[in-house]
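The structure appears right after this line, and notes come after that.
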Amino acid sequence: MMPRTSVFIIRASMVALVAGGMLGLVAIPSPITIPARVHADAMLLGFMLPFAFGTAAWILPKRGKVRAVTIPAIIYFGGLLTLSTSYVIPLPSIEITGRSVLAVGTILFAAALLPRVRHITAVRRHDHSTSPN
Amino acid sequence: MPLVSRFMIKSAFAWLLLALIGGAAIAAWPVPGDFWPGAAARAAVVHLLTVGWLTQLIFGVAHWLFPRYSRERPHGAVWLVWTAFAGLNLGVAGRLLGSNAAWGEIIGGGLQFVGILAITAALWPRIRLK
Chain A
35 MMPRTSVFII
45 RASMVALVAG
55 GMLGLVAIPS
65 PITIPARVHA
75 DAMLLGFMLP
85 FAFGTAAWIL
95 PKRGKVRAVT
105 IPAIIYFGGL
115 LTLSTSYVIP
125 LPSIEITGRS
135 VLAVGTILFA
145 AALLPRVRHI
155 TAVRRHDHST
165 SPN
Chain B
195 MPLVSRFMIK
205 SAFAWLLLAL
215 IGGAAIAAWP
225 VPGDFWPGAA
235 ARAAVVHLLT
245 VGWLTQLIFG
255 VAHWLFPRYS
265 RERPHGAVWL
275 VWTAFAGLNL
285 GVAGRLLGSN
295 AAWGEIIGGG
305 LQFVGILAIT
315 AALWPRIRLK
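Residue numbers (our numbering), protein chains in the order written: chain A, 35 to 167; chain B, 195 to 324.
Here's what the structure looks like:
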């Protein structure tokens, strides 16, 4: 079963994919109005990273203590919204804040997901140690 | 693994190989010629990597692994995934072959966008709690 947070993260990433694709299409005839980095940020930071995080949160082994990814997701998308705001209001401070918050969100995602990346024998050992027999 | 997923994953590896060859070609001939202008060539190689390789690999695996659509049709609207496969591959090829012309960017970009819309429509109903 896909967790609620993964559903939200993956759907949001698909929205960013469509938006990023549209920006890329518009950027071809008018590269000055929409710089390539806006299209690249939408695709890489809006689509690829959250899609990978959402799928990993769903599919990585869940045995043992599992840390929720809700707070990392809120922080990450907060950073993404701030970064998006910097394209409308071009102030360096907004862009720096957005990218910094994105980095914090990414670190929190990694901290939540990395303990779940382990060999199958470790998962089985944990199952044996917690089983009633 | 569904047939379209196998096609997508194998095509993704083919684009990766071409992207690496393209990257090496740009490094070997840094001064752009008439056939392949520098900035446009770089943009085409970036799209080989990000669309041809990464995006296609992601969606090939997602179509295979995501929760099933229904018991009768576990992979949902498969024709949409085939449309995405065609759109993404023809789009990347268009961008590469027409990298020194405006039509290449427009047709290639348009086909890639069709692919994006098709895969979003195919996967969206499968991104759910159950």
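Virtual Cβ for every residue (Gly too), placed ideally from N, Cα, C.
Distance between tryptophan 318/B and proline 95/A, taken at the CA atoms: about 24 Å.
DSSP places glutamate 129/A in the uninterrupted alpha helix (DSSP H) bounded by 126 to 147. The CB of valine 41/A comes closer than 9 Å to the CB of Ile321, Arg322 and Leu323 in chain B, given here in chain order. For proline 84/A, the enclosing alpha helix (DSSP H) covers residues 83 to 93.
Within chain A, the residues Leu59 have their CB atoms less than 8 Å from the CB of glycine 304/B, given in chain order.
Separation of leucine 305/B and arginine 97/A (C-alpha to C-alpha, rounded to the nearest whole angstrom) is 43 Å. Note that the C-beta distance between isoleucine 43/A and alanine 107/A is below 7 Å. 7 Å or more divides the Cβ of leucine 147/A from the Cβ of glycine 303/B. When 7 Å is used as the limit between beta carbons, threonine 314/B is near these residues of chain A: Met48, Leu51 and Val52, in chain order. In the DSSP annotation of this structure, valine 151/A is not part of any alpha helix (DSSP H), being labelled neither H nor E. Residue Gln250/B holds the alpha-carbon nearest to the alpha-carbon of glycine 309/B among Gln250/B, Ile321/B and Ser264/B. Under the 7 Å criterion on CB atoms, glycine 55/A is classed as interfacial with respect to chain B.
Counting the other Cβ atoms within 10 Å of the Cβ of valine 122/A gives fewer than 16, which makes it exposed. In the three-state DSSP reduction, valine 103/A falls in the coil class, being neither helix nor strand.
Residue-level contact by beta carbon fails for arginine 71/A and chain B, as no gap is shorter than 7 Å.
Note that the C-beta distance between isoleucine 203/B and glycine 254/B is below 7 Å. In this structure, the alpha-carbon of serine 64/A lies about 29 Å from that of isoleucine 252/B.
Per DSSP, reduced to three states, the secondary structure at tyrosine 263/B is coil, with no helix or strand assignment. Rounded to the nearest whole angstrom, the C-alpha separation of alanine 76/A and leucine 51/A is 7 Å. Taking C-beta atoms under 8 Å as the contact rule, alanine 91/A and valine 103/A qualify, at a distance of about 5 Å. DSSP, reduced to helix, strand and coil, places arginine 38/A within a helical segment of the structure shown.
The C-beta of arginine 45/A comes closer than 7 Å to at least one C-beta of chain B. Within chain A, the residues whose beta carbon sits less than 7 Å from that of proline 261/B are Met36, listed in sequence order.
In the DSSP annotation of this structure, the continuous segment of the alpha helix (DSSP H) that includes methionine 202/B starts and ends at 197 to 222. As the crow flies, the alpha-carbon of arginine 267/B is around 27 Å from that of proline 84/A.
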